[in-house]
Amino acid sequence: IKPIEEALEEKKAALGLKASPRGIAIKLLEGDMLVTKLISEKAPDVAELARRIQIEASRLGASLTVWIAEERYKLIDRLLKEAMIEAPTGLALGEKLDAIVLSPIAGPIALILVLASAVLALIYAGGLIEELMVSAWQLLASPLLSWSRATLSPLVAAAIEGFSLGVEAALAVAIPYILVFYVLLAILEDVGYLPRVAYLTDNLMHKLGLHGRAIIPLVIGYGCNVPAILATRTLETRRERIIASFLSTMVPCSARTAVIVGFLGSYYGIGAAIAVYLIDLAVVFTSGLLLNRLLKGERAGLVMELPPYRAPSPLPIISKTWLRFKSFMDTALPLLVAGSIALSLLDYYELTGLFSAAVSPLIVGLLRLPRETAVPLLFGILRKEMTLEMLVVAFRTSNLSAVMSFQQALVFTAVTTLYVPCIATIAVLIKEIGLREAAIAILLNILLATLVGMLLAMGLNL
Numbered sequence: 028i029k030p031i032e033e034a035l036e037e038k039k040a041a042l043g044l045k046a047s048p049r050g051i052a053i054k055l056l057e058g059d060m061l062v063t064k065l066i067s068e069k070a071p072d073v074a075e076l077a078r079r080i081q082i083e084a085s086r087l088g089a090s091l092t093v094w095i096a097e098e099r100y101k102l103i104d105r106l107l108k109e110a111m112i113e114a115p116t117g118l119a120l121g122e123k124l125d126a127i128v129l130s131p132i133a134g135p136i137a138l139i140l141v142l143a144s145a146v147l148a149l150i151y152a153g154g155l156i157e158e159l160m161v162s163a164w165q166l167l168a169s170p171l172l173s174w175s176r177a178t179l180s181p182l183v184a185a186a187i188e189g190f191s192l193g194v195e196a197a198l199a200v201a202i203p204y205i206l207v208f209y210v211l212l213a214i215l216e217d218v219g220y221l222p223r224v225a226y227l228t229d230n231l232m233h234k235l236g237l238h239g240r241a242i243i244p245l246v247i248g249y250g251c252n253v254p255a256i257l258a259t260r261t262l263e264t265r266r267e268r269i270i271a272s273f274l275s276t277m278v279p280c281s282a283r284t285a286v287i288v289g290f291l292g293s294y295y296g297i298g299a300a301i302a303v304y305l306i307d308l309a310v311v312f313t314s315g316l317l318l319n320r321l322l323k324g325e326r327a328g329l330v331m332e333l334p335p336y337r338a339p340s341p342l343p344i345i346s347k348t349w350l351r352f353k354s355f356m357d358t359a360l361p362l363l364v365a366g367s368i369a370l371s372l373l374d375y376y377e378l379t380g381l382f383s384a385a386v387s388p389l390i391v392g393l394l395r396l397p398r399e400t401a402v403p404l405l406f407g408i409l410r411k412e413m414t415l416e417m418l419v420v421a422f423r424t425s426n427l428s429a430v431m432s433f434q435q436a437l438v439f440t441a442v443t444t445l446y447v448p449c450i451a452t453i454a455v456l457i458k459e460i461g462l463r464e465a466a467i468a469i470l471l472n473i474l475l476a477t478l479v480g481m482l483l484a485m486g487l488n489l
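Below is the structure:
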């Protein structure tokens, strides 16, 4: 710090500095973007000196950001001990909870229990809401469909049927499961558990070339991959941002969760749904290990503060849930209904069969899925939940267990979880890491999804 501080002291008048040279020197070594830009413009020699010191520290395996933070907290701790006399008291409730959730043994168990509880809540609460809403819609739509088939032209009747199936699919998947998921995510955020997940998983994340803070984008990805990729901006190096962004594209977002839980979980039980999550985690972890070996660059450390636990507050939870769900529905519902009508019209003109025939070697030959699943997978590029919703349209029934075996349901769900991200995620991915890297990521998504689907199809046939 001293050489930079002295150089800034000499140029203090010329630079018009109001802050202390030592404070600016510390910010330079921490890599503060605003300070670095300002000093680079007014005193490039000082900025270059800071850069050389950072490079030398990195070469020696040290992170200046972590070192400065550690020294700052040591100073705070020393001052507190000198200025305060603490009366002996028992552990507070938050400290007792942290002793459990941050423990290297009890912590992972608690995390698994939290995630399993969330999946159970999704299956049962979502299933209850789905049953009520679908029954109500079928009761309302049945007279309209009968009237349209009897009195209108076949083309118009097909469009109306497509509209009805689109709304039914939204009521069966989007509203029940995604709404419940957003409520659960808001509760975990409000309680203060998510930062503790970051701390707990720091050692694991280092194996992927990331630090614990990178778990936050991945956890956010369980809601939506778009904000997850945007959240990688908080990571310190481009290397970390590329790895975290790619891994985020394979995290089951709320739309994929709707497919996993609303299809596989509701028909074949929680065990089948958890199996897909475990397969996905294995693929994400293996991909991270490989990327950590292949991509060169600086590794960053982790220093973070854990917020106090709070009792969940209904108003913030309702507000966050509503904002997320409204944003989701504003985009998803029009696409879903329009896609459902389009699919019905394509089917009316017998065009869906042409596309299904073109991709039949992959869908039927390698993945051993029904031909009807080809078009839903295509629509899944628009929105992931549309794969399930379009299955309802393609098979013309919401009882999908009657038209697909367990093996086919498992393969379809695993492929949907891993293959091409939705179009919104693709757009953000290109913006954040670049066109070339995004194209490579999407190609890897397709290859991994195909490989996993093939292995599952072959393994279940043994």
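No gaps in the numbering here: position 47 of the sequence shown is 74 in the numbering used here, and each next residue is one more. Every residue, glycine too, gets a C-beta built ideally from N, C-alpha and C.
Residue i in three-state terms, based on DSSP
{"i": "Arg337", "result": "coil"}
{"i": "Asp72", "result": "helix"}
{"i": "Thr276", "result": "coil"}
{"i": "Pro131", "result": "coil"}
{"i": "Asp307", "result": "helix"}
{"i": "Ile28", "result": "coil"}
{"i": "Ile82", "result": "helix"}
{"i": "Ser15", "result": "Residue 15 is absent from the model: the chain starts at 28 and stops at 489."}
{"i": "Lys45", "result": "coil"}
{"i": "Tyr376", "result": "coil"}
{"i": "Lys123", "result": "helix"}
{"i": "Tyr220", "result": "coil"}
{"i": "Lys38", "result": "coil"}
{"i": "Lys101", "result": "helix"}
{"i": "Ile95", "result": "helix"}
Cut-off 7 Å between Cβ atoms - residues of its own chain near residue i, not counting five sequence neighbours on either side
{"i": "Cys280", "result": "Gly248, Tyr249, Gly250, Cys251, Asn252 and Lys411"}
{"i": "Val161", "result": "Glu195, Leu198, Ala199 and Ser425"}
{"i": "Ala137", "result": "Ile127 and Val128"}
{"i": "Ala77", "result": "Ile31, Leu55 and Leu56"}
{"i": "Thr414", "result": "Val286, Pro403, Leu404, Phe406, Gly407 and Thr443"}
{"i": "Ala258", "result": "Ile243, Pro244 and Ile247"}
{"i": "Leu215", "result": "Leu221"}
{"i": "Leu396", "result": "Ile390, Gln435, Val438 and Phe439"}
{"i": "Pro254", "result": "Ile247"}
Cutoff 6 Å; reference residue i; Cβ partners in own chain excluding five residues on either side
{"i": "Cys449", "result": "Arg410 and Lys411"}
{"i": "Ala145", "result": "Leu211"}
{"i": "Ile187", "result": "Ser175"}
Cβ-based neighbour list, residue i, same chain, cut-off 8 Å, excluding 5 preceding and 5 following
{"i": "Ile28", "result": "Arg49, Ala52, Ile53 and Leu56"}
{"i": "Asn472", "result": "Thr276, Met277, Leu445, Tyr446, Val447 and Pro448"}
{"i": "Glu75", "result": "none"}
{"i": "Ala441", "result": "Val303, Ile306, Asp307, Ala476, Val479, Gly480 and Leu483"}
{"i": "Arg521", "result": "Absent from the model: residue 521. The displayed extent of the chain is 28 to 489, so no value can be given."}
{"i": "Lys323", "result": "Arg266"}
{"i": "Leu316", "result": "Lys234 and Leu235"}
{"i": "Arg268", "result": "Thr259, Arg260, Leu262, Glu459 and Ile460"}
Distance between beta carbons of residue j and residue i, contact taken as under 8 Å
{"i": "Ile306", "j": "Ser275", "result": "That pair is no contact at about 17 Å."}
{"i": "Leu483", "j": "Val438", "result": "5 Å"}
{"i": "Leu149", "j": "Val224", "result": "Not quite, the Cβ-Cβ distance comes to about 18 Å (not below 8 Å), so this is no contact."}
{"i": "Ala282", "j": "Ile205", "result": "7 Å"}
{"i": "Asp217", "j": "Arg86", "result": "Not really, about 43 Å apart at Cβ, beyond 8 Å."}
{"i": "Val420", "j": "Ser371", "result": "7 Å"}
{"i": "Ser367", "j": "Gly189", "result": "5 Å"}
{"i": "Leu42", "j": "Lys69", "result": "5 Å"}
{"i": "Arg351", "j": "Tyr209", "result": "5 Å"}
Residue i at chain C interface by Cβ criterion, 7 Å
{"i": "Thr276", "result": "The structure shown contains no chain C; it is built from a single protein chain."}
### Task
Evaluate contact between the segment 289-305 and the segment 454-474, counting only Cβ atoms and requiring at least three cross-stretch pairs below 8 Å.
They do not touch, by the three-pair rule.
### Query
Taking the runs of the alpha helix (DSSP H) that are 4 residues or longer, which of them lie wholly in the segment 379-452?
Note on the segment 379-452: whole alpha helix (DSSP H) runs with a minimum of 4 residues are 379-385, 401-406, 412-422 and 433-445, in chain order.
#### Entry: Secondary structure, alpha helix (DSSP H): runs of 4+ residues fully inside the segment 249-273
If one requires a minimum length of 4 residues, the alpha helix (DSSP H) runs lying completely within the segment 249-273 are 252-258, in chain order.
#### Entry: Sufficient close CB pairs (3 or more, under 8 Å) joining the segment 425-437 to the segment 461-479
No, because fewer than three Cβ pairs between the segment 425-437 and the segment 461-479 fall closer than 8 Å, the two stretches do not touch.
### Message
So, does the segment 51-70 touch the segment 29-37, judging by three or more C-beta pairs under 8 Å?
### Response
Counting C-beta pairs with one atom in each stretch, the segment 51-70 and the segment 29-37 have three or more that are closer than 8 Å, which means they touch.
### Message
Does the contact criterion of 3 or more C-beta pairs under 8 Å hold for the segment 177-194 versus the segment 373-382?
### Response
The segment 177-194 is in contact with the segment 373-382.
### Query
Is it true that the segment 432-443 meets the segment 273-293, where meeting means three or more beta-carbon pairs spaced less than 8 Å apart?
In short, these stretches touch, since the Cβ pair count reaches three.
### Task
Please determine if the segment 224-236 and the segment 161-177 are in contact, where contact requires at least 3 C-beta pairs separated by less than 8 Å.
Three or more Cβ pairs closer than 8 Å define a contact, and the segment 224-236 falls short of that threshold against the segment 161-177.
### Query
Does the pairing of the segment 234-241 with the segment 264-278 give three or more beta-carbon distances under 8 Å?
Yes, since at least three Cβ pairs between the segment 234-241 and the segment 264-278 fall closer than 8 Å, the two stretches touch.
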